Amino acid sequence: MNEIRENITMKKLKSVKDIKRLQKTLLAERKGIRKSIAVCEGTGCHAYKSSDVADAFVKEINKRGLDKEIGVRRTGCHGFCERGPMAKIFPEKIFYFKVKPEDVPEIVESTLPGKDLVEKLLFLDDKTGKRCAYQHEIPFYKLQNPVVFGNNFLINPKDIEDYIALGGYSALAKALSGMTPADVVEEIKKADLRGRGGGGFPAGLKWETARDAPGQPKYVIVNADEGDPGAYMDRSVLEGNPHSVLEGLMLGAYAIGSAQGFVYVRQEYGIAIENLPIAVAQAKQLGLLGDNILGSGFSFDVMIHQGAGAFVSGESSALMSAIEGRVGEPRPKYIRTAVKGVWEKPSVLNNVETWANVPLIINNGSDWFRSLGTQTSKGTKIFSLVGKVKYTGLVEVPMGLTLRQIVYDIGGGIRGDRKFKAVQTGGPSGGCIPEQFLDLPVDFDELSKVGSMMGSGGMIVMDEDTCMVDVARYFTRFLADESCGKCIPCREGLRQMRRILKNITEGKGKPADLNLLEELGDFLKEASLCALGQTAANPVLSTLEYFRGEYEAHVLHKQCPARVCQSLIVFYIDPLKCSACATCRKQCPTDAISGDKKLVHIIDQGKCIKCGTCFQVCPTRFSAVTKLPGGPAPEPVAYGTKVAQKSKGEK
Amino acid sequence: MDKTKSRIVGVRVNKEQETMLSELQQKSKLTKSELLLKGLETLAEYYSDSGAEQEPMQTALQRLESEAVRHMVSLRKIRRKEEAIKEFVREIRKIDEIIDRHGCNPSMLIQILLDVQKQNNWLSKPALVWISERLKVPMTRIMQIATFYTMFSLEPQGRQTVQVCLGTACHVRGANELLTRTQSVLNLKPGETDLEMKHTLKTVNCLGCCALGPVMTVAGAYHSNPSVAELKELFKES
Chain A
572 MNEIRENITM KKLKSVKDIK RLQKTLLAER KGIRKSIAVC EGTGCHAYKS SDVADAFVKE
632 INKRGLDKEI GVRRTGCHGF CERGPMAKIF PEKIFYFKVK PEDVPEIVES TLPGKDLVEK
692 LLFLDDKTGK RCAYQHEIPF YKLQNPVVFG NNFLINPKDI EDYIALGGYS ALAKALSGMT
752 PADVVEEIKK ADLRGRGGGG FPAGLKWETA RDAPGQPKYV IVNADEGDPG AYMDRSVLEG
812 NPHSVLEGLM LGAYAIGSAQ GFVYVRQEYG IAIENLPIAV AQAKQLGLLG DNILGSGFSF
872 DVMIHQGAGA FVSGESSALM SAIEGRVGEP RPKYIRTAVK GVWEKPSVLN NVETWANVPL
932 IINNGSDWFR SLGTQTSKGT KIFSLVGKVK YTGLVEVPMG LTLRQIVYDI GGGIRGDRKF
992 KAVQTGGPSG GCIPEQFLDL PVDFDELSKV GSMMGSGGMI VMDEDTCMVD VARYFTRFLA
1052 DESCGKCIPC REGLRQMRRI LKNITEGKGK PADLNLLEEL GDFLKEASLC ALGQTAANPV
1112 LSTLEYFRGE YEAHVLHKQC PARVCQSLIV FYIDPLKCSA CATCRKQCPT DAISGDKKLV
1172 HIIDQGKCIK CGTCFQVCPT RFSAVTKLPG GPAPEPVAYG TKVAQKSKGE K
Chain B
517 MDKTKSRIVG VRVNKEQETM LSELQQKSKL TKSELLLKGL ETLAEYYSDS GAEQEPMQTA
577 LQRLESEAVR HMVSLRKIRR KEEAIKEFVR EIRKIDEIID RHGCNPSMLI QILLDVQKQN
637 NWLSKPALVW ISERLKVPMT RIMQIATFYT MFSLEPQGRQ TVQVCLGTAC HVRGANELLT
697 RTQSVLNLKP GETDLEMKHT LKTVNCLGCC ALGPVMTVAG AYHSNPSVAE LKELFKES
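Here it is in structure tokens:
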């Protein structure tokens, strides 16, 4: 059995018993499979051409006639994007990283009894120098508790049977057969599930409001307009395990009495957009969507809406405007969207991850959910750990782990063993958290205390080579571009902040600018219409608070200590180190470098566009090109100076 | 030109039009204003004829098409015009298909625009007018949406889109330097298309491949931090 069944004859399930029977049949059918190989085809691995690897597996297994024993499964994201493409062997949970199609025969060979593992593709732990084969040995996975994300390994998102075989839709069956809608709301309330999109608003409360609100029809909405740059956990859940989100949505609909749901997904998420309609169609075919679901009298349908690229559209009222076919701008929420949302009807909007948690809570009970996490934040959270960290990827951990554990134990510390500077959480609305707060437990409330927020779960690690002024300018530029322009504080305030920050990074800043920035930031917080504007100043205010010295270096000394701001830094070739290898001269896109055989190369500062090519290509054995934090550059040597003589040993 | 403009029954005419009018006037023995009104009347009749049905522009277009077929016999010049009209009709038909696929529903406006953008690589004025006509949505709202979202472009795009990711993770790993390099190799600024319509350079806020950062895509294929030499190679192939 190969490619675990794509053409299934799916009969409509008519009762709760049917779904249990189907699960049993599926499990019985799959007993013959000795091993299965899960190949990640999430967006990250896809970019590494993992589909070629999966094809190679299928070919190799067919060639050896093992297709009855070994299944190949094309799954969603496995989280460890740094080491893609990856393959996981079940049931042992052996991970192979950076797999190339030519490695495939060896891996297939190794799954046969009595054969050794493929050593070179296993994870190498830098600290111990040992190879780790199993999931529980790899530091990246050791501390994780992937309750939401874990099933990604086991499911082909294009096949509903995989999900059902794992017990999928049993929470729906449980609710429809033995719980009233009020019970479902009560269970979610008891679990204290808070919205994973950033706000952390209790989901149960929102549901209850919508359930009690007058007006019909009611709507449930999945917010998959994940706009935070550097965060992609919602996409990975949606593309890897779409049914878990749909099941959660159905439970929500049942609880509040809705018959129509929407999934609002970013147009940029190609694989999610491909997998979602398949999931919806298969659920319809099995009668899990449509009229009279599982003979319970509950009817529900889902529509998929695509976003067109606007950060502010992820705001709840803006998203609802977009669903109505209008421009995605926020509106004042004097009345909550749970009371008056889409077409002025009660609407419950939750983030992808929140919905994916719902079936787990219904299945395992609120007490199980409450046993994970901290006092005020229950459950687990998926973070996207990116930036200058060694092991980039998605990590799902119980709430309350410290930043240090996440960055150092899971993420493996900083790349190239540079010094840690800050971690930015909460996307453009969050702040930068400096080293002194590394032992802070990560949950909804602790992070807000230090001027940041948890947000949707982006964690961008920055090292000493990251300029904090530049980061603040980056986020302000992003937010100024994405501001819808409806309210003046956000539109004009951000524009002014961007102008000031641009001046500072270009060395035109004035000492008074720093206070002005703080003043503008406070004003934005107080007077903006929606959360975008209210939190827009966070990146600037938090960096001003913790990294004021860097701002002062830019303003007073016209230097960028981290050597990032392109207008300030200077590239310079050290005449004593230059060996006239001509690598930089040939690659310079603007021909700013002059020199000849055996002559010291010189950068013409007037022509230099500071693209960093010379710095990047200068061979490490010379490292003659240096970045200086600020100008002016040292006087270059006269053209025609011969390179310094080197002893033979140095060659 | 403007200085010579005069008004007849409230309609502005320039010098050429005025001489044309006086010639016509001599032939038909009507006054200038009568002649103008007559012309406007014919125009109004034309619209009221076609405007009676539910979908006025569609019938008008059908007639235009049949007219185009009739004229084909006569003049080559006209034939070229017909080709243009037919091309236009074909374009509109394609857009019609998209609109019908979404059930001609005004709340699906953004989805329709996305599909049109995907098919044509840009949103042309006639396409937008036609969508406005079919969905009965005012043009202002369509323009509001088309200018609000970054996905839509109101100018033709190059055959290949080059996207440089400026997400936070890529930013801290040196996306700006990559952008500067790409700009200098392509000789384009973000948002611009070269004269041969080969490449359009764009920046995006996150491609979600943070492990590859700084990352860029050329015609959908991902490349992690290419050097100047690699960039030149990439654009040469395409």
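Sequence lines, in order, name chains A and B.
Convert by adding 571 to the 1-based position in the first sequence; the result is the number in our numbering.
Convert by adding 516 to the 1-based position in the second sequence; the result is the number in our numbering.
Just so you know, even glycine gets a beta-carbon here, dropped at the ideal spot from N, CA and C.
Small disclaimer: the values here were computed from a predicted structure and weren't measured.
Across the segment 970-978 of chain A and the segment 1004-1022 of chain A, are there enough close Cβ pairs to call them in contact, namely three or more that are closer than 8 Å? yes
Counting only Cβ pairs nearer than 7 Å, list the residues of chain B close to C1182/A. E693, T696, R697 and S700
Span separating the alpha-carbon of I1059/A from that of D1052/A: 14 Å
Between S681/A and R644/A, how many whole angstroms is the CB-CB distance? I'm expecting something under 8 Å. About 18 Å; that fails the 8 Å criterion.
Coil, strand or helix - C1189/A by DSSP: coil
Strictly under 8 Å for the Cβ-Cβ distance: is M1033/A near chain B by that measure? yes
Residues of its chain near L695/B, where Cβ-Cβ distance is below 8 Å and the 5 sequence neighbours each way are ignored: V680, L682, P706 and T719
Should A881/A be labelled buried (16 or more other beta-carbon atoms within 10 Å of its own) or exposed? buried
Three-state secondary structure (DSSP) of G878/A: strand
Buried or exposed, going by whether 16 or more other CB atoms sit within 10 Å of the CB of S582/B? exposed
C-alpha gap between C1061/A and T666/B, whole angstroms: 19 Å
Please identify the residue among I1140/A, K1213/A and S1194/A whose C-alpha is closest to the C-alpha of P1203/A. I1140/A
Could you give the residue range of the beta strand (DSSP E) that holds Q515/B? Residue 515/B lies beyond the stretch modelled for chain B, which goes from 517 to 754, so this question has no answer here.
Is G555/B helix, strand or coil by DSSP? helix
Assigned secondary structure, H1128/A (DSSP; H/G/I helix, E/B strand, else coil): coil
Taking the runs of the beta strand (DSSP E) that are 3 residues or longer, which of them lie wholly in the segment 968-1047 of chain A? 991-996, 1003-1005 and 1029-1034
For S1218/A, count neighbouring Cβ atoms within 10 angstroms of its own Cβ and tell me buried if that reaches 16, exposed if not. Unreliable placement is indicated for S1218/A, whose pLDDT of 47 sits below 50; the coordinate value is still reported in the next sentence. Looking at its Cβ environment, which holds fewer than 16 other Cβ atoms inside 10 Å, S1218/A is exposed.
Roughly how many angstroms separate the alpha carbons of A609/A and V910/A, rounded to a whole number? 44 Å
Taking the beta strand (DSSP E) that H715/B belongs to, which residues open and close that run? H715 to V720
Counterpart residues of A850/A in DSSP-defined beta bridges: Bridge partners of A850/A: none, in fact.
Determine the burial state of K671/A: buried for a count of at least 16 other Cβ atoms within 10 Å of its Cβ, exposed for fewer. exposed
Would you list the one or two residues that DSSP bridges to C703/A? F694/A
Identify whether D872/A lies in helix, strand or coil by the three-state DSSP scheme. strand
Ignore the nearest five residues each way along the sequence and tell me which others in G885/A's own chain have a CB closer than 6 Å to its CB. D796 and G798
C-alpha distance - V587/A paired with I875/A, whole-angstrom precision: 27 Å
Min CB distance P1005/A to chain B below 8 Å: no
Endpoints, the beta strand (DSSP E) within which Q679/B is located: Q676 to C681
Which residues in the same chain have their Cβ closer than 6 Å to the Cβ of E758/A, if we skip the five residues on either side of it in sequence? S937
For G567/B, which three-state DSSP category applies? For G567/B, the pLDDT reaches just 47, beneath the cut-off of 50, and the residue's location in the model is therefore unreliable, although a value from the coordinates is still provided. Residue state, collapsed to three classes: coil.
Can you give me, in chain order, the residues of the segment 598-618 of chain A that have a beta carbon less than 8 Å from any beta carbon in chain B? T614, G615 and A618
Best match in L704/B, N692/B and I614/B for proximity to H715/B [C-alpha to C-alpha]: L704/B
Quick check: what's the CA-CA separation for L671/B versus E1063/A? It should be noted that the sequence gives Glu, not Leu, for residue 671/B. Going by the C-alpha atoms only, they are around 28 Å apart.
Neighbouring residues, chain A, relative to Q744/B (Cβ below 7 Å): One detail in the question is off: residue 744/B reads as Val in this sequence, not Gln. Neighbours of V744/B on chain A, chain order: Q1158, P1160 and T1184.
Using the beta-carbon count (16 or more within 10 Å), is I906/A buried or exposed? exposed
Given 8 Å as the limit, is there contact between the segment 695-711 of chain A and the segment 824-834 of chain A, that is, 3 or more CB pairs closer than that? no
DSSP three-state call for K1081/A: helix, strand or coil? coil
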